[in-house]
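These protein sequence lines map, in sequence, to chains A and B. 115 is the number that the numbering used here gives to position 125 of the first sequence; each next residue is one higher, with no gaps. 178 is the number that the numbering used here gives to position 188 of the second sequence; each next residue is one higher, with no gaps. Where a beta carbon is used, it is the ideal one built from N, C-alpha and C, also for glycine. A quick write-up on the structure given underneath.
There are 2 protein chains.
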Amino acid sequence: MLNTQVTSKQPHSVPTIKDVAKAAGCSTATVSRALATPEKVSDATRKRVNQAIAQVGYSPNIAARNLRRAESKTIVALLPDISNPFFSEIISGMEDVAHQAGYQILIGDCEHDPARAEAYFRLLSTNQADGIVLLTSEIPRALVKQADKQADFPLVMACEFFSDIDLPLIAIDNHQASCQAIDYLVSLGHQRIATLSGPAHNPICQERNRGYRDTLAAHQLSSEARIAEGNFGFRSGYQQGLALLEGKTPRPTAIFCHSDEMAVGVLKAARQLGISVPDQLSVVGFDNIGLSEYCDPELTTISQPRNEIGQQAMQLLLHLLRGEQPIRHQTLSSHLIVRKSTGRLKG
Amino acid sequence: MLNTQVTSKQPHSVPTIKDVAKAAGCSTATVSRALATPEKVSDATRKRVNQAIAQVGYSPNIAARNLRRAESKTIVALLPDISNPFFSEIISGMEDVAHQAGYQILIGDCEHDPARAEAYFRLLSTNQADGIVLLTSEIPRALVKQADKQADFPLVMACEFFSDIDLPLIAIDNHQASCQAIDYLVSLGHQRIATLSGPAHNPICQERNRGYRDTLAAHQLSSEARIAEGNFGFRSGYQQGLALLEGKTPRPTAIFCHSDEMAVGVLKAARQLGISVPDQLSVVGFDNIGLSEYCDPELTTISQPRNEIGQQAMQLLLHLLRGEQPIRHQTLSSHLIVRKSTGRLKG
DNA sequence: AATTTGAATGTAAACATTTACATTTTAGCG
DNA sequence: CGCTAAAATGTAAATGTTTACATTCAAATT
């Protein structure tokens, strides 16, 4: 028989596990078990408890649970800049598997501010977060080094990495992706191929630039290597695009950009200078964001499996949290999507 | 004198407030006060406590604090889709003032899934969140109605709203913004002006469409009204753009779009049909996202003060949380940015 | 010197869970 | 029927804070 009297003293207080216990005629321990480990509770009791829960409208107080269990079921996704649409689908992939496993995602936007990154790292020591997926290398190395020293600091990287700190990582092979892009441009007959890189200190850019140089060398074009530096954004693409295209040195006939936004900036620069793409200039982007199908001309670009990267990164982190010894590195495959911004030279 | 012995039994356990108290030679209550209300503690003690904190490396356990204070210092920002760059700067503005006040932001991506929205609302009743900033009207109305009934449910809306539920709101005047855009197009000599609206059931779109119709009427152009419906994304802009431009009915000479992405989609459609913008077709966007300066032609669009919207929304929410009776509505001003996608008809 | 005041501090309860351990109940078996 | 083992449940401690209330102490007032 269910106790149908609501017996809490303050009429409008939030029901606790005690109220459920009273209504179900059992102890709080049993209620707790009915929720956490239903198989340890008899069928009859479990049914009574569930009815009681519905009856009093109970939902567990998470702060109390977190305190007692010393966990937060929260994962921090640390990224340099939310406004970059590149990240949104990665986050989406992370959320899928995180929610599945009962975890929440806290998006940490560092905005290139070391203090913010530090604040987010601190969440781990205060039990406000259980792990971190690091999507940027633009944070104080000291933080990461310290974390790496701790035996099992649940930290994984995705897309980006550090050249000198070996952390669990989910990413594409940036060197190879770059080689593929340059190879393709060479196959179209281009000889003066420039790269519009992201920040020079960024390891993924270094990888891509290495691929660039290696491929040029493989085709005896090393003397033509030319790397400009941007910051992944539209504006830097435009500015560096202008610089590359209007210099006195012989103008490049192709530009490989480390992001789609920069590529679109280059398109604008070319337009302004009356250089037609792809007839007089080929442009390759990176990431295959939504925009790349809708700019003019549609962008040839390298596609990363963003959703899968997010999923796998979260998977990897969950393994770490369970104390399992997982694969530390996973390389996913990128591929070149040929659209309309590349071609053989004409006129 | 500070007690320099570390006296905790488990050598690697996280230091608690007790450890600090022991090291500072006072009670835990005093330590707590030294942190929360320093003015209630003598200078000497405060100094000792601070030294002790540094010495043992203490940082408070937030779960315990949340439990005791029955708060989480977390605000949920509920939005329909993270991948829309329109939201990122709003979030950014929210974060600025939230962090200032010691709050965190949890980004809740609903992905148009009612269950997700519900889950985020539930965070409030379980003390996992203290308030919600609602940036979408695409969630179950029942949720909102119920929230609205509760005396002081800390919920504010930004940008979007419900026509039949009166919640605290920070937004621009969508009707007026729309009038301004249409007026401008009329002033350029356009008569057949179409609108590419967002979802028809969306109140902000309804406002904009009302402005559209009112302005046409003011110019005796009502018979020319034509509204297509998209979903704010590139693809729908492209598809609806094609539909509007290649129909048998006389083709519109201007299209007012409810988002920049749709406007860029329309640009692509026009390009494909050989319609030149702005000579044969004018296009106006909405939101002034980064892209709008880099597409071809650069987009004439309506700019919303996104950062300020975020700041004010959070400000408003903080007022509610403090139990103050704040202004319930705040209208911020938008403005038309004229670029290259609009002009008088030529040829 | 006795009394009052206010500031500074301490004591211990409260927050809502989980879980180790103890106890009771049930089932199985000879 | 008695005994044992296993299953189900209960008791109470523990998690790390905050804070109401009590106490102490020093300064100010009479």
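**OP:** Report whether the distance from the Cβ of F143/B to the nearest heavy atom of the ligand MG is below 7 Å.
**Re:** The ligand MG is not among the ligands present in this structure, which contains no ligands whatsoever.
**OP:** Taking only the alpha-carbon atoms, compute the straight-line gap between S331/B and H319/A and give it to the nearest angstrom.
**Re:** Here the question's residue 331/B lines up with position 341 in the second sequence. Here the question's residue 319/A lines up with position 329 in the first sequence. Between S331/B and H319/A, the C-alpha separation is close to 47 Å.
Subject >> is_contact[Y228/B, chain A] using C-beta, thresh 8 Å >> reply: Sequence index remark: in the second sequence, residue 228/B carries index 238 (1-based). With 8 Å as the cut-off, Y228/B counts as an interface residue toward chain A.
Original post:
With burial defined as no fewer than 16 other Cβ atoms inside 10 Å of the residue's Cβ, what is the status of P130/A: buried or exposed?
Top reply: Counted from its first residue, the first sequence places residue 130/A at position 140. When all chains shown are included, P130/A counts as exposed.
**OP:** State the Cα-Cα distance for the pair L113/B and S62/B, rounded to the nearest angstrom.
**Re:** To locate residue 113/B, count along the second sequence from 1; it is residue 123. To locate residue 62/B, count along the second sequence from 1; it is residue 72. So the two alpha carbons sit approximately 10 Å from each other.
Original post:
Which two residues bound the contiguous beta strand (DSSP E) that contains R216/B?
Top reply: Walking along the second sequence from the start, residue 216/B turns up at place 226. Its beta strand (DSSP E) spans residues R216 to E219.
Original post:
When the Cα atoms are used, what is the spatial distance from A148/A to L308/A?
Top reply: For this step, residue 148/A is matched to residue 158 along the first sequence. For this step, residue 308/A is matched to residue 318 along the first sequence. Approximately 14 Å between the Cα atoms of the pair.
Original post:
Is A244/A helix, strand or coil when you go by DSSP?
Top reply: If you number the first sequence from 1, residue 244/A lands on position 254. In this structure, A244/A counts as strand in the three-state DSSP scheme.
**OP:** Give, in chain order, every residue of the region 37 to 54 of chain B whose Cβ lies closer than 8 Å to some Cβ of chain A.
**Re:** S49, P50, N51, I52, A53 and A54
Original post:
According to DSSP, is L98/A helix, strand or coil?
Top reply: In the first sequence, counting from the first residue as 1, residue 98/A sits at position 108. The sequence shown places Gly at residue 98/A, rather than the Leu named in the question. Three-state DSSP puts G98/A in a strand.
Original post:
Where does the unbroken alpha helix (DSSP H) through F77/A begin, and where does it stop?
Top reply: As a working note, residue 77/A is residue 87 in the first sequence. Where F77/A is concerned, the enclosing alpha helix (DSSP H) stretches over F76 to Q90.
Original post:
Are at least three pairs of beta-carbons, each pair with one atom in the region 228 to 242 of chain A and one in the region 253 to 261 of chain A, less than 8 Å apart?
Top reply: yes
Original post:
Under a CB-based cut-off of 8 Å, is Q270/B close to chain A?
Top reply: Walking along the second sequence from the start, residue 270/B turns up at place 280. No, Q270/B does not count as interfacial toward chain A.
Original post:
Are I183/A and P242/A touching if we call contact CB-CB under 8 Å?
Top reply: Counting from 1 along the first sequence, the entry for residue 183/A is found at position 193. Counting from 1 along the first sequence, the entry for residue 242/A is found at position 252. Result yes, Cβ atoms of I183/A and P242/A sit closer than 8 Å.
**OP:** Step through the CB atoms of chain B and report whether any lies within less than 8 Å of the CB of R329/A.
**Re:** Sequence index remark: in the first sequence, residue 329/A carries index 339 (1-based). Chain B, which has no Cβ nearer than 8 Å to the Cβ of R329/A, makes this no.
Subject >> Cβ-based burial, K37/A [other Cβ within 10 Å; buried from 16] >> reply: Translated into the one-based positions of the first sequence, residue 37/A becomes position 47. K37/A comes out exposed.
Original post:
C285/A touches chain B at which residues, Cβ-Cβ below 7 Å?
Top reply: Position 295 of the first sequence, counted from the first residue, corresponds to residue 285/A. Simply C285.
Subject >> First through last residue of the beta strand (DSSP E) which encompasses S272/B >> reply: One-based indexing of the second sequence puts residue 272/B at position 282. Element bounds for S272/B: S272 to D277.
Original post:
Are the CB atoms of G333/A and P268/A nearer to each other than 8 Å?
Top reply: Within the first sequence, numbered from 1, the residue matching residue 333/A stands at position 343. Within the first sequence, numbered from 1, the residue matching residue 268/A stands at position 278. Closer than 8 Å, so yes.
Subject >> Bridge-paired residues (DSSP) for A184/B >> reply: By 1-based counting over the second sequence, the position of residue 184/B is 194. Note: A184/B is bridge-paired with R216/B and I245/B in the DSSP secondary-structure output.
Subject >> Any C-beta of chain A under 8 Å from that of P1/B >> reply: For the purposes of this step, residue 1/B is taken as the residue at position 11 of the second sequence. Residue confidence for P1/B is low, a pLDDT of 49 falling below 50, so the modelled location carries little weight; the figure read from the coordinates is stated next. For P1/B, the answer is no, since every Cβ of chain A falls outside 8 Å of its Cβ.
**OP:** Let me know if H248/A comes out buried or exposed under the rule of 16 or more other beta-carbons within 10 Å of its beta-carbon.
**Re:** The count along the first sequence starts at 1 and reaches residue 248/A at position 258. Classification for H248/A: buried.
Original post:
L96/B to Q181/A, Cα distance in whole Å?
Top reply: Translated into positions along the second sequence, residue 96/B becomes position 106. Translated into positions along the first sequence, residue 181/A becomes position 191. As the crow flies, the alpha-carbon of L96/B is around 49 Å from that of Q181/A.
Original post:
Going by beta carbon distance, what residues of the same chain come within less than 6 Å of F111/A, once the five residues before and after it are set aside?
Top reply: Here residue 111/A is taken as the residue at index 121 of the first sequence, counted from 1. So the qualifying residues of the chain are L133.
Original post:
Contact check, A340/B vs I81/B under 8 Å by CB: the rounded distance?
Top reply: Any answer about residue 340/B is impossible in this case: the structure gives chain B only from -9 up to 337.
Subject >> First through last residue of the beta strand (DSSP E) which encompasses A148/A >> reply: Counted from its first residue, the first sequence places residue 148/A at position 158. Here the beta strand (DSSP E) through A148/A covers L145 to A148.
Original post:
Closest by CA to D33/B, which one among T20/B, Q45/B and A44/B?
Top reply: Translated into positions along the second sequence, residue 33/B becomes position 43. The candidate whose alpha carbon is nearest that of D33/B is T20/B.
Original post:
Who does Q320/B pair with in a DSSP beta bridge?
Top reply: Taking the first residue of the second sequence as position 1, residue 320/B is located at position 330. Per DSSP, I160/B.
Subject >> Candidates A88/B, F224/B, K135/B and E128/B: closest to A119/B by CA position >> reply: Walking along the second sequence from the start, residue 119/B turns up at place 129. When only C-alpha atoms are compared, the closest one is A88/B.
**OP:** Say whether the region 163 to 170 of chain A touches the region 195 to 204 of chain A, bearing in mind that this needs 3 or more beta-carbon pairs closer than 8 Å, one atom from each stretch.
**Re:** yes
Subject >> Residue from Q210/A, L281/A and L289/A with nearest C-alpha to I338/A >> reply: With chain A covering -9 to 337 only, the question about residue 338/A has no answer from this structure.
**OP:** Examine the Cβ distances between the region 40 to 58 of chain A and the region 39 to 50 of chain B and report whether three or more of them are shorter than 8 Å.
**Re:** no
**OP:** Give a yes or no on whether the minimum CB-CB distance between V254/A and chain B is below 8 Å.
**Re:** By 1-based counting over the first sequence, the position of residue 254/A is 264. Chain B contact via Cβ: present.
**OP:** Might you give, ordered along the chain, the residues of its own chain that have their beta carbon closer than 7 Å to the beta carbon of E251/B, omitting 5 neighbours on each side?
**Re:** The sequence position of residue 251/B within the second sequence is 261, counting from 1. Excluding residues within five positions, the ones whose Cβ falls inside 7 Å are F222, G223, F224 and G227.
Subject >> Within-8 Å CB hit, R312/B to chain A >> reply: In the second sequence, counting from the first residue as 1, residue 312/B sits at position 322. Taking Cβ atoms only, chain A never reaches closer than 8 Å to R312/B, which makes this a no.
**OP:** Determine the DSSP secondary structure at G121/A, reduced to helix, strand or coil.
**Re:** Here residue 121/A is taken as the residue at index 131 of the first sequence, counted from 1. It is a strand residue.
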